[in-house]
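In the working numbering, the protein residues as written are 38 to 337.
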Ligand code: GH3
Ligand code: MG
Ligand code: MG
Ligand code: MG
Ligand code: MG
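What follows is the structure in structure tokens.
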């Protein structure tokens, strides 16, 4: 763990540092609350040991400020004070502290407290990892490893807000594989899955800007989100994607467009006073027109 020790007495700083380092943890020290806040912003701290009487803001106030800065995150804060009154203990906990040790420093008691807090930190970290895994599972499509619809909706909301805030264009391409039912019916579902993976990979690697987002929107439908891109730009991108898939020459003897697998695409650019869902609807309507016009083409 990285332990932040806030203590204005040099003798106590050295003593506490020695006890904690003996346990194999790293210690960074601050003599004032103000310098503690600076260190806290710079370093990844797992545990804070906090004196209360300090020059400048006191330990209670530093604790309140640390808690305010953490938003949803948590880390243990342990007070270490020569004032061991019940009132101080209560105020410390109310300020956002988790435990209270009395001075003079007792080595084994201090180390036991660090161990106890270390256990909670470990559980906290495991929970965080589990949450990250679950969030990944919820937002990534297992077959193609692209964002799934849920992941897309999240990213779309962010990009929509950004484009509104910064008055930048935003465009969407809806893509649908042509005659894919016939592909499955004739080559089997497993081959269909392989082809979906290949199409996903091709779309992903054909996008040029790192800010472009591609997602699997449904069965054999994909959506591309192009920040800072106009309708004309999005149609050029869509045409390139369409051509790249066609040039892959994935055999599809039963396609209505020829002997190879093709895609159709509908493009739309965000317009003023539009709701976020209307942009998707517009791209979807244009996809339908590309289909109606004969497939293997872009409409926008
Ligand atoms: P169109 O050119 O009009 O788009 O015709 P289509 O046959 O592609 O359209 P339709 O919507 O009738 O069929 C889509 C097919 O996509 C149906 C389904 O078998 C297939 N599909 C959807 N999801 C998956 C999947 O995860 N794996 C496989 N192998 N096939 C899928
Ligand atoms: Mg002090
Ligand atoms: Mg479809
Ligand atoms: Mg289709
Ligand atoms: Mg054919």
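The beta carbon of each residue, even a glycine, is placed where N, CA and C say it ideally should be.
On a predicted model such as this, the values are computed, not experimentally measured, just so you know.
Residue environment, residue i, which counts as buried when at least 16 other CB atoms sit within 10 Å
i           : result
residue 307 : buried
residue 266 : buried
residue 165 : exposed
residue 330 : exposed
residue 114 : buried
residue 111 : exposed
residue 167 : exposed
Any non-hydrogen atom of ligand 3 closer than 7 angstroms to residue i Cβ
i           : result
residue 178 : no
residue 329 : no
residue 303 : no
residue 318 : no
residue 321 : no
Candidates the options: closest to residue i by CA position
i           : options            : result
residue 259 : 237, 64, 219       : 237
residue 214 : 243, 299, 223      : 299
residue 278 : 164, 205, 261, 161 : 261
residue 97  : 231, 120, 76       : 120
residue 220 : 154, 297, 246      : 297
residue 283 : 246, 264, 335      : 335
residue 172 : 322, 55, 189       : 189
residue 160 : 83, 276, 293       : 83
residue 91  : 63, 49, 109        : 49
Residue i beta carbon near ligand 2 (any heavy atom closer than 7 angstroms)
i           : result
residue 46  : yes
residue 147 : no
residue 52  : no
Strand pairing of residue i, partner residues [DSSP]
i           : result
residue 184 : 177, 252
residue 263 : 208
residue 138 : 117
residue 96  : Its beta-bridge partners do not exist; DSSP assigns none.
residue 66  : 42
Any non-hydrogen atom of ligand 1 within 7 angstroms of residue i CB
i           : result
residue 257 : yes
residue 324 : no
residue 265 : no
Closer than 7 angstroms: residue i CB and nearest ligand 4 heavy atom
i           : result
residue 412 : Absent from the model: residue 412. The displayed extent of the chain is 38 to 337, so no value can be given.
residue 108 : no
Residue i: first and last residue of the uninterrupted alpha helix (DSSP H) it sits in
i           : result
residue 297 : First-last for residue 297: undefined, no H or E at that position.
residue 77  : 70 to 79
residue 240 : 226 to 243
residue 282 : 268 to 284
residue 127 : 123 to 131
Extent of the continuous beta strand (DSSP E) to which residue i belongs
i           : result
residue 213 : 207 to 214
residue 114 : 114 to 118
residue 85  : 84 to 87
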